[in-house]
Amino acid sequence: MKKNIFFFILCGLSIFVVLSQFNCEPQEKTMTKEELIANGKYLVNAGGCNDCHSPKVMTKMGPVLDTTRLLSGHPANEPTPELDLKAAGLHNWILTSMDLTEWLGPWGISFSRNLTPDSTTGIGAWSFQDFVNTLRNGKHLGTGRDLLPPMPWQSIGQMKDADLKAIFTYLQSIPAIHNEVPNPVPPPMVADYFKKK
Ligand code: HEC
Numbered sequence: 005m006k007k008n009i010f011f012f013i014l015c016g017l018s019i020f021v022v023l024s025q026f027n028c029e030p031q032e033k034t035m036t037k038e039e040l041i042a043n044g045k046y047l048v049n050a051g052g053c054n055d056c057h058s059p060k061v062m063t064k065m066g067p068v069l070d071t072t073r074l075l076s077g078h079p080a081n082e083p084t085p086e087l088d089l090k091a092a093g094l095h096n097w098i099l100t101s102m103d104l105t106e107w108l109g110p111w112g113i114s115f116s117r118n119l120t121p122d123s124t125t126g127i128g129a130w131s132f133q134d135f136v137n138t139l140r141n142g143k144h145l146g147t148g149r150d151l152l153p154p155m156p157w158q159s160i161g162q163m164k165d166a167d168l169k170a171i172f173t174y175l176q177s178i179p180a181i182h183n184e185v186p187n188p189v190p191p192p193m194v195a196d197y198f199k200k201k
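All residue numbers in the sequence shown are consecutive under our numbering, ending with 201.
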């Protein structure tokens, strides 16, 4: 009997040793702050955040990034170009300003937000958890108002925590730019918004 127990324990141990060899999960290495920033910069550039969140300068070939104001959102004090709402045939089109920071569609008008670490107009006062909750739930700070199109939170929000951490660390490391992005304009107010311009 004693022999049998010993045999079972030995078998159990060898199975454990064999199985543990198959545990090939890559050990996630903790990145230094510099590595996180470099990785975040790569993800932001490859992920197209600048397309909508950075002001542009106009060239003959269209808009290019204004590298002095990266990721600072829709420039608050630049005038909105005039628009004839009827001629634009709003029900069939989504329109965007030339710099891709102001968007008009069935949801009204949305303005890309300031992602720089300015503490009052950007995300300087946000915690990493605020950032994750916003992107995962599609709501401002995770529980506030719904994020409007064309912010692609449905896809960005599927990124792994480690990638979002890198993006957040990079965004917190860039120069803070004070730019108070306007609040969205709801559909019934759109006509008035263009009249005032
Ligand atoms: C196609 C355009 C577009 C792209 C690409 C885009 N965004 Fe946005 N984003 C927006 C717009 C427009 C808003 C504002 C939506 C609103 O006001 O409801 C926004 C809002 C946000 C917000 C919420 C800010 C707040 O105050 O609640 C965060 C965070 C954000 N974007 C991060 C990112 C990141 C990170 C990337 C790249 C991985 C990215 N966005 C790519 C257009 C875009």
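C-beta: ideal position from N, C-alpha, C; glycine also. Please read all numbers here as calculations on a predicted model, not as lab measurements.
Between residue i and ligand 1, is the CB less than 6 angstroms from at least one heavy atom?
i: PRO154; result: yes
i: ILE181; result: no
i: LEU75; result: no
i: THR138; result: yes
i: GLY51; result: yes
i: SER131; result: no
i: ASP122; result: no
i: SER101; result: no
i: SER116; result: yes
i: PRO188; result: yes
i: LEU40; result: no
For residue i, name the three-state secondary structure that DSSP assigns.
i: VAL194; result: helix
i: TRP1; result: No statement about residue 1 is possible, as the shown extent of the chain runs from 5 to 201 and does not include it.
i: THR63; result: strand
i: ASP70; result: coil
i: SER210; result: For residue 210 there is no data in the structure shown, the boundaries of the chain being 5 and 201.
i: LEU47; result: helix
i: ASP167; result: helix
Could you give the distance in angstroms between the alpha-carbon of residue i and the alpha-carbon of residue j?
i: GLU38; j: ASP196; result: 47 angstroms
i: CYS28; j: HIS57; result: With a pLDDT of 49 at CYS28, under the threshold of 50, the modelled position of this residue cannot be trusted, and the question is left open.
i: LEU175; j: LYS64; result: 30 angstroms
i: VAL48; j: ASN54; result: 7 angstroms
i: ASP167; j: GLN158; result: 15 angstroms
i: MET35; j: VAL68; result: 32 angstroms
i: GLU165; j: GLY66; result: Reading off the sequence, residue 165 comes out as Asp, not Glu. Those two C-alpha atoms are separated by around 35 angstroms.
i: ASN137; j: LEU87; result: 36 angstroms
i: GLN133; j: LEU139; result: 10 angstroms
i: PRO192; j: LYS33; result: 51 angstroms
Report back the beta-carbon spacing between residue i and residue j to the nearest angstrom; my notes put them in contact at under 8 angstroms.
i: GLY44; j: ALA129; result: That pair is no contact at about 19 angstroms.
i: ILE113; j: VAL194; result: 6 angstroms
i: ASN118; j: VAL61; result: Contact flag wrong, Cβ pair sits at about 18 angstroms.
i: PRO85; j: SER101; result: 7 angstroms
i: PHE198; j: LEU89; result: 6 angstroms
i: LEU151; j: LYS143; result: 7 angstroms
Let me see if you follow: with CB-CB separation under 7 angstroms, is residue i close to chain C or not?
i: ALA129; result: The question asks about chain C, but that chain is absent: this structure has only one protein chain.
Segment contact, 8 angstroms Cβ cut-off, at least three pairs: the segment 124-133 with the segment 93-106: no
Touch test, the segment 143-155 against the segment 37-52, Cβ-Cβ under 8 angstroms, three pairs minimum: no
Assess, as a yes-or-no matter, whether the segment 69-76 is touched by the segment 165-184 under the definition of 3 or more beta carbon pairs within less than 8 angstroms. yes
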